[in-house]
C-alpha cells in the first residue's frame, strides 16, 4: 500500500472551489491490487475536486492505453482506454463506502484515498471482449487465424431442393393481392 500514497488527496488546507490533481497509473499500481489482466499500462488520471462547505465532489477522467492479449488470437496489442467516474464524499459519524457513488468519512479526516475508485473505473472501462484491431481490418496475420479460417464451416449451396407443391400453392396466396 506504500505505492498508493500518491493517490491520497488532502483536502483540509484547500480553499472552497475546484482543484485539479494528476496521477500516472502504470504496472506497479495494478500489482498493488494483484490484478494481472494487463501486460502493461500507461494511463493518465485527472481528478477534479470541487470542495464545498459540507461535502466534496470528485470527478475522475482516465485516458491512455493498456497492453492486453486478444481474446481470439492471444496476440498482445495496445487497447485505448477512456473512462470517467463521479464520487461524492460526505462527512458522518463513521466510515461508510457501501454506496458506489457516495463515500461517507468521519468528521476528523483530512484526506481521501481515491486509489480504489480509480482502479475500479479503469477496470470497468476496459471492454469485456478484447479483439485485436488487425482482425477487423484483415491486417493481422496469425497461425491461429489461419487455422480458424480453415476450420470454419463451409456454406453448402443446394439449389436442387424440392419443395412440397402444396406449399408452393399457399405461397402464391401471399403474393396475390
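In the numbering used here, the protein residues as written are 2 to 178.
For every residue, glycine included, the Cβ atom is placed at its ideal position computed from N, Cα and C.
All of these numbers come straight from a predicted model, not from anything done at the bench.
| query | result |
| --- | --- |
| Bounding residues of the beta strand (DSSP E) (the contiguous stretch that carries residue 63) | 56-70 |
| Identified DSSP bridge partners for residue 46 | 24 and 63 |
| Residues that residue 126 bridges to, as DSSP identifies them | Bridge partners of residue 126: none, in fact. |
| Delimiting residues of the alpha helix (DSSP H) encompassing residue 135 | 134-138 |
| Residue 83 and residue 126 closer than 8 Å at C-beta | yes |
| CA nearest to the CA of residue 118, picked from 28, 88 and 70 | 88 |
| Span of the beta strand (DSSP E), counted from its first residue to its last, around residue 114 | 112-114 |
| Three CB pairs or more closer than 8 Å across the stretch 67-75 and the stretch 93-103 | no |
| Exposed unless 16 or more other CB atoms sit within 10 angstroms - verdict on residue 48 | buried |
| Buried versus exposed, by CB contacts within 10 Å (16 or more), residue 116 | buried |
| Sequence-distant residues of the same chain with beta carbon closer than 8 Å to residue 112, five excluded per side | 9, 10, 11, 12 and 13 |
| Residue 57 versus residue 50: straight-line alpha-carbon distance, rounded | 7 Å |
| Whole-number beta carbon distance between residue 78 and residue 128, since they are thought to touch under 8 Å | Contact doesn't hold; Cβ gap of about 12 Å is too wide. |
| Spatial distance of residue 81 from residue 43 (CA atoms) | 10 Å |
| Nonlocal neighbours in the same chain, by C-beta distance under 8 Å from residue 107, ignoring five residues either side | 92, 93, 94, 95 and 96 |
| Outcome for residue 103 when other beta-carbon atoms lying within 10 angstroms are tallied against a minimum of 16 | exposed |
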